[in-house]
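Visitor: Protein chains in written order, with this note's numbering: chain A, 9 to 301; chain B, 339 to 698; chain C, 488 to 721.
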Amino acid sequence: MVGFEALVRATILGLQFGTTLALLVAGLTLVFGLMDVINLAHGSLYMLGAYFGVTLVDAGGSFWLALVVAPVAVGVVGLLMEVFTLRPLYGREPLYQILVTLGLAFVVEESVKEVWGTSAQNFAAPAVLAGSIDIAGVTYSQYQAFVLLFTTVLVAAIWVGLERTNVGVLLQATAHDPEMVDALGFDVSRVFTGVFAVSAVLAGLAGVLLGPARAVTPSMWFNVVLLAFAIIVIGGLGNFRGAIVASLLVGLLTGYAALLVPSYTELLVFALMAVVLLVRPAGIFGTATGDPG
Amino acid sequence: MTVLDRLLDRSGARTDEVLGRRGRVALVLVFCGLAVAGPVIDVIATFWLHVLTRVMIFALFAISLDLVFGYTGLPSFGHAAMFGVGGYTVAFVTLGPTQNLLVTIATAALASATVALLIGWLSVRGTGLFFAFLTLAFAQVLYLVAFNDLPAQLLGADKITGGDNGLVGIPGYELFGVEFGGLFEYYYLTLVVVGICVALLIRIANSEFGRVLQGIRENEDRLTALGYDVTRYKVIAFTVSGTFTGVAGALYAPLVRIAHPSQLFWLTSADGIIMILVGGIGTLWGPMVGAAFITVFEEFATVVGNWHLYLGVLFVTMVIFLPGGIAGAISTVARSPREALSNARRAGRRYVRRVRGDRH
Amino acid sequence: MSAHPVLAVEGIDTYYGRSHVLFDLSLEVGAGETVALIGNNGAGKTTTLRSIMGLTPPERGRILFRGEEIQGCKPNEIRRRGVSLVPEDRRIFPSLTVAENVELAAAAGSTTTDVYDRFPVLDDRRDQRAGTLSGGEQQMLAIARGLVGPPTELLLLDEPTEGLAPQIVEDVSEVVEALTDDGITILLVEQNAELALELADRAYVIETGRIVHEAGGDELLHDPEVLETHLGVR
Ligand SMILES: Nc1ncnc2c1ncn2[C@@H]1O[C@H](COP(=O)(O)OP(=O)(O)OP(=O)(O)O)[C@@H](O)[C@H]1O
Ligand SMILES: [Mg+2]
Chain A
9 MVGFEALVRA TILGLQFGTT LALLVAGLTL VFGLMDVINL AHGSLYMLGA YFGVTLVDAG
69 GSFWLALVVA PVAVGVVGLL MEVFTLRPLY GREPLYQILV TLGLAFVVEE SVKEVWGTSA
129 QNFAAPAVLA GSIDIAGVTY SQYQAFVLLF TTVLVAAIWV GLERTNVGVL LQATAHDPEM
189 VDALGFDVSR VFTGVFAVSA VLAGLAGVLL GPARAVTPSM WFNVVLLAFA IIVIGGLGNF
249 RGAIVASLLV GLLTGYAALL VPSYTELLVF ALMAVVLLVR PAGIFGTATG DPG
Chain B
339 MTVLDRLLDR SGARTDEVLG RRGRVALVLV FCGLAVAGPV IDVIATFWLH VLTRVMIFAL
399 FAISLDLVFG YTGLPSFGHA AMFGVGGYTV AFVTLGPTQN LLVTIATAAL ASATVALLIG
459 WLSVRGTGLF FAFLTLAFAQ VLYLVAFNDL PAQLLGADKI TGGDNGLVGI PGYELFGVEF
519 GGLFEYYYLT LVVVGICVAL LIRIANSEFG RVLQGIRENE DRLTALGYDV TRYKVIAFTV
579 SGTFTGVAGA LYAPLVRIAH PSQLFWLTSA DGIIMILVGG IGTLWGPMVG AAFITVFEEF
639 ATVVGNWHLY LGVLFVTMVI FLPGGIAGAI STVARSPREA LSNARRAGRR YVRRVRGDRH
Chain C
488 MSAHPVLAVE GIDTYYGRSH VLFDLSLEVG AGETVALIGN NGAGKTTTLR SIMGLTPPER
548 GRILFRGEEI QGCKPNEIRR RGVSLVPEDR RIFPSLTVAE NVELAAAAGS TTTDVYDRFP
608 VLDDRRDQRA GTLSGGEQQM LAIARGLVGP PTELLLLDEP TEGLAPQIVE DVSEVVEALT
668 DDGITILLVE QNAELALELA DRAYVIETGR IVHEAGGDEL LHDPEVLETH LGVR
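#1: Closest to Thr543(C) by C-alpha separation, out of Ile525(C), Leu509(C) and Thr521(C), would be which residue?
#2: Over what stretch of residues does the beta strand (DSSP E) that includes Leu642(C) continue unbroken?
#3: CB-CB under 8 angstroms to Leu245(A), same chain, minus the five flanking residues each way: which ones, in chain order?
#4: Confirm the yes/no value for this check: CB of Lys532(C), any heavy atom of ligand 2, distance under 8 angstroms.
#5: Please find out if some non-hydrogen atom of ligand 2 comes closer than 8 angstroms to the beta-carbon of Asp645(C).
#6: Determine the contact status of Asn527(C) and Gln678(C), defining contact as a CB-CB distance below 9 angstroms.
#7: Quick check on Phe278(A) - is its C-beta less than 9 angstroms from some C-beta in chain B?
#8: Does at least one heavy atom of ligand 2 sit under 8 angstroms from the Cβ of Glu90(A)?
#9: Measuring only the C-alpha atoms, how far is Gly371(B) from Met540(C)?
#10: To the nearest angstrom, how far is the alpha carbon of Arg537(C) from that of Val496(C)?
#11: Give, in chain order, every unbroken run of the beta strand (DSSP E) that is at least 3 residues long and sits entirely within the region 368-416 of chain B.
#12: Short check: CB of Leu505(B) to CB of Ala449(B), under 9 angstroms?
#13: Using a Cβ cut-off of 7 angstroms, which residues of the region 539-555 of chain C contact any Cβ in chain A, in chain order?
#14: Distance, Cα to Cα, Gly565(B) vs Glu546(B)?
#15: Run through the DSSP bridge pairs and tell me what Ala702(C) is partnered with.
#16: Would you report the Cα separation of Gly202(A) and Leu87(A), rounded to the nearest angstrom?
#17: Who are the Cβ neighbours of Val224(A) in its own chain at under 7 angstroms, not counting the five residues just before and after it?
#18: Would you tell me roughly how many angstroms separate the C-alpha atoms of Tyr426(B) and Tyr54(A), rounded to the nearest one?
#19: Keeping to the same chain, check which residues put their C-beta closer than 8 angstroms to that of Asn681(B); ignore five residues upstream and five downstream.
#20: With distances taken Cα to Cα, identify the nearest neighbour of Phe407(B) among Val532(B), Ala383(B) and Gly610(B).
#21: Taking 9 angstroms as the CB-CB cut-off, is Gly95(A) touching chain B?
#22: Using a threshold of 9 angstroms, state whether the C-beta atoms of Leu475(B) and Met281(A) are closer than that.
#23: Just checking Glu575(C) against ligand 2 - is the residue's beta carbon closer than 8 angstroms to any of the ligand's heavy atoms?
#24: Leaving out the 5 sequence neighbours to the left and right, which residues in its chain are closer than 7 angstroms to Asp190(A) when beta-carbon positions are compared?
#25: Between which two residues does the alpha helix (DSSP H) holding Val80(A) run?
#26: Which full runs of the alpha helix (DSSP H) of 4+ residues lie inside the region 29-59 of chain A, going along the chain?
#27: In this structure, does DSSP put Ser660(C) in helix, strand or coil?
#28: Compute the minimum distance between the beta carbon of Val676(C) and the heavy atoms of ligand 2, and state whether it is under 8 angstroms.
#29: Which of the three DSSP states is assigned to Phe552(C) in this structure?
#30: Go to Glu590(C), then tell me how far its alpha helix (DSSP H) extends in each direction, as first and last residue.
#31: Could you check whether the Cβ of Gly661(B) sits closer than 9 angstroms to any Cβ belonging to chain A?
#32: Check whether the Cβ of Val91(A) lies closer than 9 angstroms to any Cβ atom in chain C.
#33: Of all the residues that make up the region 141-158 of chain A, which are near chain C by a beta-carbon distance shorter than 8 angstroms?
#34: Gly636(C) bridges to which residues according to DSSP?
#35: Have a look at Leu285(A) and Leu634(C) and give me their C-alpha separation to the nearest angstrom.
#36: Pick out whichever of Leu551(C), Val570(C), Ile525(C) and Gly554(C) has its Cα sitting closest to the Cα of Thr639(C).
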């Protein structure tokens, strides 16, 4: 029988994973909402975050330095990807955009193998957070608590930014009618590049944060990108609120599954996705009109 | 001209037939060439017999993938599912009840058809390109099932899919007392099976049904307005394509003597996608050329280093600069070499413009 | 009068993909003028405006704005130079409020003209979602959006009265007249030829992508032959 304490810990683990996934999914949804691009290389950006993080920590930099520098470096990679491989494809059949991101994912994986080799890297959590804390008789890993707090704040900030700021208004308008936004005097191609770079930074951040908890390997991108897109399907396409809630849902599901049926966590997520597709093809929070929430 | 043609505004002058007379003659010649060359290759370079058998198998994989991907415009990123299921079915049947070729291939085709039906039926619910992602995800489900040997865990059996070891020691096929154990015999077996399948696929593509599929790619809304149940056609197309992919998988597993989770892994789907893009999406013949090119290229490139890296770079470059693939390049050059040259220059200038942020 | 007309379109050819839509089309709009571009459905009026705005750039020919070539520029550059498009079907952002629509457009430049003075109907509805406005209100919003942001010297108006009730059409024409009085140069596309010719100083008639007639507004209005052959007005 699973004890109460283990259950509480699985909840925290799940929430922590869910909010980190939300970072990934937020970027993915923005890119999809604005550019209509299904970015299969998003997981690769996440992976690069983890690898850059490991390298910085190993080179003697602190975890905190890595937490800042690695995502920025990933942002630069994302920027280059968008400018040199996606810009030429906007306006072409959308198929070619998904194909090019598949190709990029492939190239990143192989490049990572060239640079870091195929074996798993050991990403140490920062020493400050190595201990555990005690709340109401349950012990948590300090690092996990930190990740949960940090990502929650970040996701909330992104949410508020999209709903309440001028940048948010610009992005909503661009998602609806990029050509018109351009004709109003905004350089839409820069908006696209900016959004893609920011989504890369968020992915990189997620990579650094999850790195210490999960195996850092050249193929780690694939499961993550599948998970992130499954979340989007579950939450409802182009629905930001739905994407965030679905991230938490999938995070929790993963947390509990890891406790009860460890080898089936992913299968459960895909099963949930299949059920959603059958019962509510527009996603749990999707509306028939596809109005971004 | 059919009613559908007229409704789709196709003038009678334009022939939509894929692989017209000339193409089919070329195919028959290639077939005869392979048939005649067999004994010669067997004597001078047996290794190539293996390569050519692989080429034929992947040509079948690529052409059947192209039937949905390019011809119907349904980008499947999950055909590894059917390829792998074909292979696993062969392992189950030949390691179990019978090695009879007809029974085994028929069972494999049926199993992959069922899987394709299910995946297609679920995935057509995805809007636009989410179809691609859904097929990818559902194929991954099968991979996970095989990799963790879920059936064995559920049934409490020792092993069913063999987990990450796969199922090894698949014996060859047998038909009317003839054993297809040796590479030489297997080469001819593959040639015949692939030949039949390719002929069938081309017939399907050029049939009334195939025209509807083409219509779906060109203008789905129009077909819906005409009263076609587009979703149903999509699912059927996916199933047909998946069935032939399963046959390709059924030929592959005995060749490599193993049914392995990697055959269900996304990289196998990606291989198919790379082949059809490099060859020329939607042309049916291009993907077979692509399959040959990639398979042979692999043989040489492994010597040079990380061939997957080169392949990835080649793929990205082709998506951007040569989306029509080898087939597109051949037909442009054949039409007018000068035009091809000026097209290339224009594409280069366009690339620079677009990278600078111009949207035209 | 300055040396250059505000807008000079010189022999442009425009394509959508392979289909050729504008053929060697030329027209001019002088400073402070209101010029109408009239023609039947599918004649190429919208395409002409899209070409000027850089949305569908011409493959050949030149477009000069105050004497400077703009045909290679991106739409946002053209907007910042002073050309503003109020597009066909309005294309306001329906999920944003009226105020957000206006503020967004204003954020692209410095003009802070109080559009709410000019469009009192919008003033009362600042916090209403633009998608829930009536057709006439949406049109006002679209015009308002075209006037804020970078200073507007040339306004391209694409069928501003399309689908509106006669009373609202009146309101829109008053707005257009007021804009002219403020010295804004206007290129007006209209199906409603009579209205267009009333508002305009001059007019061009376009037919299958070619300018087939050019005249003063009154002249055209009183030339029954032109009206009948080119516009089907009896
Ligand atoms: N995006 C497009 N792709 C291809 N052809 C187009 C496109 N937009 C317009 N056309 C074609 O270009 C021609 C001119 O269209 P345009 O919209 O400029 O006409 P218009 O004069 O504005 O007509 P209307 O009065 O109906 O608005 C038409 O034949 C139209 O079918
Ligand atoms: Mg028009």
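The C-beta atom is built at its ideal place from N, Cα and C for all residues, glycine as well. Please read all numbers here as calculations on a predicted model, not as lab measurements.
Guide: Taking the geometry as given:
#1: Here residue 543(C) refers to the residue found at position 56 when the third sequence is read from its first residue. With distances taken between Cα atoms, Thr543(C) lies closest to Leu509(C).
#2: Here the question's residue 642(C) lines up with position 155 in the third sequence. Segment Leu641 to Asp645, the beta strand (DSSP E) holding Leu642(C).
#3: Translated into positions along the first sequence, residue 245(A) becomes position 237. Only Phe40, Ala290, Gly291, Gly294 and Gly298 meet the Cβ criterion.
#4: Counting from one through the third sequence, the residue named residue 532(C) turns up at place 45. Because some heavy atom of ligand 2 lies under 8 angstroms away, the Cβ of Lys532(C) counts as near it: yes.
#5: Your numbering for residue 645(C) matches position 158 in the third sequence. Yes, Cβ of Asp645(C) sits closer than 8 angstroms to a heavy atom of ligand 2.
#6: Locating residue 527(C) in the third sequence gives position 40, where the first residue counts as 1. Locating residue 678(C) in the third sequence gives position 191, where the first residue counts as 1. Yes. Within cutoff.
#7: Along the first sequence, one-based indexing puts residue 278(A) at 270. At a cut-off of 9 angstroms between beta-carbon atoms, Phe278(A) makes contact with chain B.
#8: Residue mapping note: residue 90(A) aligns to position 82 of the first sequence, counting from 1. Outside the cutoff, so no.
#9: Residue 371(B) sits at position 33 when you count from the first residue of the second sequence. Residue 540(C) sits at position 53 when you count from the first residue of the third sequence. When rounded, the distance between both Cα atoms is 59 angstroms.
#10: To locate residue 537(C), count along the third sequence from 1; it is residue 50. To locate residue 496(C), count along the third sequence from 1; it is residue 9. Approximately 12 angstroms, taken between the alpha carbons.
#11: none
#12: In the second sequence, counting from the first residue as 1, residue 505(B) sits at position 167. In the second sequence, counting from the first residue as 1, residue 449(B) sits at position 111. No. Outside cutoff.
#13: Within the region 539-555 of chain C, those residues whose Cβ lies closer than 7 angstroms to any Cβ of chain A are, in chain order, Met540 and Leu542.
#14: The residue labelled residue 565(B) in the question sits at position 227 within the second sequence. The residue labelled residue 546(B) in the question sits at position 208 within the second sequence. Distance between the alpha carbons of Gly565(B) and Glu546(B): 15 angstroms.
#15: Indexing the third sequence from 1 puts residue 702(C) at position 215. Partner(s): Ala690(C).
#16: Residue numbering aside, residue 202(A) sits at position 194 when the first sequence is read from its first letter. Residue numbering aside, residue 87(A) sits at position 79 when the first sequence is read from its first letter. Cα to Cα, the separation comes out at about 8 angstroms.
#17: Here residue 224(A) refers to the residue found at position 216 of the first sequence. Result list for Val224(A): Ala58, Tyr59, Val62, Ala128, Gln129 and Phe131, in chain order.
#18: Position 88 of the second sequence, counted from the start, is the residue given in the question as residue 426(B). Position 46 of the first sequence, counted from the start, is the residue given in the question as residue 54(A). When rounded, the distance between both Cα atoms is 34 angstroms.
#19: By 1-based counting over the second sequence, the position of residue 681(B) is 343. The answer, listed in chain order, is Thr670.
#20: Position 69 of the second sequence, counting from 1, holds the residue named residue 407(B). Of the listed residues, the one whose Cα sits closest to Phe407(B) is Gly610(B).
#21: What you label residue 95(A) is simply residue 87 of the first sequence in a count that begins at 1. The residue asked about is misnamed: residue 95(A) is Arg in this sequence, not Gly. True, the Cβ-Cβ gap to chain B drops below 9 angstroms.
#22: Translated into the one-based positions of the second sequence, residue 475(B) becomes position 137. Translated into the one-based positions of the first sequence, residue 281(A) becomes position 273. In the sequence as presented, Leu is not what sits at residue 475(B); that position holds Ala. A contact, by the Cβ cut-off of 9 angstroms.
#23: Here the question's residue 575(C) lines up with position 88 in the third sequence. Answer for Glu575(C): yes, Cβ within range of ligand 2.
#24: Counting from 1 along the first sequence, the entry for residue 190(A) is found at position 182. Within the same chain, Val196 come within 7 angstroms of Asp190(A) by CB-CB distance, once the 5 residues on both sides are set aside.
#25: Counting from one through the first sequence, the residue named residue 80(A) turns up at place 72. Start and end: Phe71 to Met89.
#26: none
#27: Within the third sequence, numbered from 1, the residue matching residue 660(C) stands at position 173. Taken through DSSP and simplified to helix, strand or coil, Ser660(C) comes out as helix.
#28: Locating residue 676(C) in the third sequence gives position 189, where the first residue counts as 1. Indeed, a heavy atom of ligand 2 lies less than 8 angstroms from the Cβ.
#29: For the purposes of this step, residue 552(C) is taken as the residue at position 65 of the third sequence. It is a strand residue.
#30: In the third sequence, residue 590(C) corresponds to position 103, counting from 1. Taken as a continuous stretch (DSSP letters only), the alpha helix (DSSP H) holding Glu590(C) covers Val585 to Ala593.
#31: Counted from its first residue, the second sequence places residue 661(B) at position 323. The sequence given here places Pro at residue 661(B); Gly does not occur at that position. Closer than 9 angstroms to some Cβ of chain A, the Cβ of Pro661(B) qualifies, so yes.
#32: One-based indexing of the first sequence puts residue 91(A) at position 83. Answer no: the Cβ-Cβ gap between Val91(A) and chain C never drops below 9 angstroms.
#33: Residues passing the 8 angstroms Cβ filter: none.
#34: The residue labelled residue 636(C) in the question sits at position 149 within the third sequence. For Gly636(C), which the question treats as bridged, DSSP gives the partners Thr598(C).
#35: Taking the first residue of the first sequence as 1, we reach residue 285(A) at position 277. Taking the first residue of the third sequence as 1, we reach residue 634(C) at position 147. Leu285(A) and Leu634(C) have their C-alpha atoms roughly 45 angstroms apart.
#36: Here residue 639(C) corresponds to residue number 152 of the third sequence, with the count starting at 1. Checking every option, the nearest Cα to that of Thr639(C) belongs to Val570(C).
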